[in-house]
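K.L.:
Supplied in structure tokens, the structure appears directly below.
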Amino acid sequence: MKITRFLPIAAIALLTSCGDDLSQIGTSVDNSVVSIIDSTFQVSAHSEITNRASGRTIIQLIGEIDVPGYGNLRSDFLTQFMPATKLDTTTVLEENIDSLVLHLNFSINSFTGDSLAPMQLKVYQLSKTLEKPLYTDINPDKYYSENNLLAKKAYTASFVSMPDTLQKLKIKAVDVKLPREMALNFYREYINNPSTYESPNKFAQFFPGIYVQSSYGSGNVINIQQTVMAMYYRKFKTDDDGKESLYNASQQFLAVTPEINSVNHIQLTPDAKIEEAVNNGDVYIQAPVGYDAIINFPAQKIIDTYKNRLKEDGNAQGVLNTISFKVPAFSPVKTKYDIEPPQYLLFIRKSKKDKFFEDKELPDNKNSFYATYNSTKKEYDFGNLRDYITNIMKNNPDGNATAEDEEIVLTPVWVYTETVSNGYSSSVVVNEIIPFVMGPALVHLDTENIKVNMIFSVKSAYK
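At position 15 of the sequence shown the residue is numbered 1146 (this note's numbering), and the sequence of numbers has no breaks.
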């Protein structure tokens, strides 16, 4: 513990800028001295397998990959659809409907593994709507029958064979042709019962959705960033002379959006070497649905150190200035496909983790925080957790921490942000946080150097 003492005049500026609603420290010149105390606390941690994560997301993960040093990851997904509110039934006749195609769109950098590995998927129609809450350990057998196979498709993740014009867009699709009869059913339903298309809930009663199963291959997993169904048809048009003709057209009329139910079915078996290391006390964080880090956050020690220092000086008053928390990591684990650490970690009470994702909460910087991985420093910096401690001291009956307050989970997440501008300045705002399901991620934490640093000020009588 380091203590720095300031004489009264030097304390004036300090206390003016360090107001704290936990105490009423005056700012006038008086017969007192201010001490700045710097304390460091060690943090213990261990890895805990998660097996599942809250699964409601518009990100679909498909495929299977086996990576030494990481493990075996397999994923497929079940999803409902948001319907378009309008279908063209005036210039498009039933006999002109050609086909229905499921488009699974992904970008050039959104897969892990061998781009040339031969893979196959199957598409089944769901037999009933998805039931909340949705988790990645969902049992697809409850929702589909093998008798309801709609299509299967062989594919690779390679962009090599694509036309130059499409390669420049850096977006590719796995296109799965579905039965034409499905397109006709959607068309007829719109004509006979247009209210079906008014909401995703009504539409799900007519068409519960699909199960896209990874059915063959172990070479890559693809992060599908857009899932849509498009109807292809010939459409009438009239030229300037009033002559009618047909031309080819299409409409994307079903899409996976944030409003509907969609869930990844993810299975991960960590590499045996990682399991052995974890059993020996090493701490790894692995995604998706691999290991979280459980830390014993020293909230009570922090509170005791602060309170005891005030008691030592009798009627001393104090200000908690900063409580910094940084989590260092070792260099990224070397794997065949250069699997990187998760970009973001969420800090939250373990008991509140599931509710956080189910309720789509955002970090409030009092009970939950997030950190971004710094690849240069190889660490996650959660910033100032001062409000976490002051919130405990204010809201707990005796001002002390509970066991729940000290059992913290660090779990990998993905953070969606947007830049908001008011004309004079701009700021980055977090608008959604989801469990990390984008693909494989792995980080080995340097637990011997995980520390909490507290700086606080004490004002006491000058002796």
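Virtual Cβ for every residue (Gly too), placed ideally from N, Cα, C.
To the nearest angstrom, how far is the alpha carbon of Ser1159 from that of Leu1451?
P.N.:
Residue confidence for Ser1159 is low, a pLDDT of 45 falling below 50, so the modelled location carries little weight; the figure read from the coordinates is stated next. Each residue's alpha carbon lies about 20 Å from the other.
K.L.:
Under the three-state reduction of DSSP, which class applies to Ser1175: helix, strand or coil?
P.N.:
In the structure shown, Ser1175 sits in a strand (DSSP, three-state: E or B).
K.L.:
Counting beta carbon pairs with one atom in the stretch 1357-1374 and one in the stretch 1258-1268, are three or more of them shorter than 8 Å?
P.N.:
no
K.L.:
Can you tell which of Thr1436, Gln1417 and Asp1485 has the C-alpha that lies nearest to the C-alpha of Ile1168?
P.N.:
Thr1436
K.L.:
Rounded to the nearest angstrom, how far is the Cβ of Leu1209 from that of Tyr1266, given a contact under 8 Å?
P.N.:
Under the criterion of beta carbons closer than 8 Å, Leu1209 and Tyr1266 do not qualify as touching, at roughly 12 Å.
K.L.:
State yes or no: is the C-beta of Asn1395 within less than 8 Å of the C-beta of Gly1244?
P.N.:
no
K.L.:
By the three-class DSSP mapping on this structure, what secondary structure does Thr1158 have?
P.N.:
Note that Thr1158 scores a pLDDT of 44, beneath 50, so its modelled location is shaky and nothing firm can be said.
K.L.:
Going by C-alpha to C-alpha distance, which of Glu1563, Lys1374 and Glu1406 sits closest to Ile1180?
P.N.:
Among Glu1563, Lys1374 and Glu1406, the Cα nearest to that of Ile1180 belongs to Glu1406.
K.L.:
Note down, in chain order, each residue of its chain lying with its Cβ closer than 7 Å to the Cβ of Asn1531, except the 5 sequence neighbours on either side.
P.N.:
Gln1431 and Ile1434
K.L.:
Are the stretch 1413-1420 and the stretch 1566-1576 touching by the rule of at least three beta carbon pairs closer than 8 Å?
P.N.:
yes
K.L.:
For Lys1582, collect the residues of the same chain with a Cβ closer than 7 Å to its Cβ; drop the 5 residues on either side in sequence, then sort them by chain order.
P.N.:
Excluding residues within five positions, the ones whose Cβ falls inside 7 Å are Thr1171, Phe1172, Gln1173 and Val1174.
K.L.:
Between which two residues does the alpha helix (DSSP H) harbouring Phe1456 extend?
P.N.:
Membership of Phe1456 in any alpha helix (DSSP H) is not indicated; the residue belongs instead to the beta strand (DSSP E) covering Gln1448 to Pro1459.
K.L.:
Which one or two residues does DSSP pair with Asn1515 in a beta bridge?
P.N.:
Ser1455
K.L.:
Give me the DSSP bridge partner(s) of Gly1194.
P.N.:
Ser1206 and Val1352
K.L.:
Do you know how far the Cα of Met1524 is from the Cα of Arg1205?
P.N.:
45 Å
K.L.:
Please report the residue range of the beta strand (DSSP E) in which Arg1365 lies.
P.N.:
It spans Gln1357 to Thr1369 - the beta strand (DSSP E) in which Arg1365 sits, taken as one unbroken run.
K.L.:
Taking the alpha helix (DSSP H) that Lys1438 belongs to, which residues open and close that run?
P.N.:
For Lys1438, the enclosing alpha helix (DSSP H) starts and ends at Ala1430 to Glu1443.
K.L.:
Shortest alpha-carbon distance to Gln1398 belongs to which of Asp1207, Thr1220 and Thr1188?
P.N.:
Comparing C-alpha distances from Gln1398 to each of Asp1207, Thr1220 and Thr1188 shows the shortest one belongs to Asp1207.
K.L.:
If you follow the beta strand (DSSP E) that Leu1281 is part of, which residue opens it and which one closes it?
P.N.:
Tyr1275 to Tyr1286
K.L.:
Quick check for students: name the residue ranges of the alpha helix (DSSP H) that lie wholly in the stretch 1472-1520, counting only runs of 4 or more.
P.N.:
1484-1489
K.L.:
Could you give the DSSP three-state label for Val1574: helix, strand or coil?
P.N.:
In the structure shown, Val1574 adopts extended strand secondary structure according to DSSP, grouped into three states.
K.L.:
Taking only three categories from DSSP, how would you classify Ile1391?
P.N.:
In the structure shown, Ile1391 adopts coil according to DSSP, grouped into three states.
K.L.:
Which of the three DSSP states, helix, strand or coil, is assigned to Arg1602?
P.N.:
With the chain covering 1132 to 1594 only, the question about residue 1602 has no answer from this structure.
K.L.:
Is there contact here, the stretch 1289-1303 with the stretch 1216-1234, by at least three beta-carbon pairs under 8 Å?
P.N.:
Short answer: they don't touch.
K.L.:
Look at the alpha carbon of Phe1500 and the alpha carbon of Lys1483, and state the distance between them as a whole number of angstroms.
P.N.:
Distance between the alpha carbons of Phe1500 and Lys1483 is about 13 Å.
K.L.:
With a CB to CB cut of under 6 Å and the five nearest residues on each side skipped, what residues in its chain are close to Asn1584?
P.N.:
Thr1171 and Ser1455
K.L.:
Using alpha carbons as the reference points, say which of Ser1289, Met1293, Val1232 and Tyr1255 lies closest to Arg1311.
P.N.:
Val1232
K.L.:
Using the DSSP secondary-structure output, state which residues sit across from Asp1306 in a beta bridge.
P.N.:
His1234
K.L.:
Can you tell which of Gln1336, Phe1367, Gln1448 and Glu1390 has the C-alpha that lies nearest to the C-alpha of Ser1588?
P.N.:
Nearest to Ser1588 by C-alpha distance, out of Gln1336, Phe1367, Gln1448 and Glu1390, is Gln1448.
K.L.:
Give the secondary structure of Val1560 by DSSP, where H, G and I count as helix, E and B as strand, and everything else as coil.
P.N.:
strand
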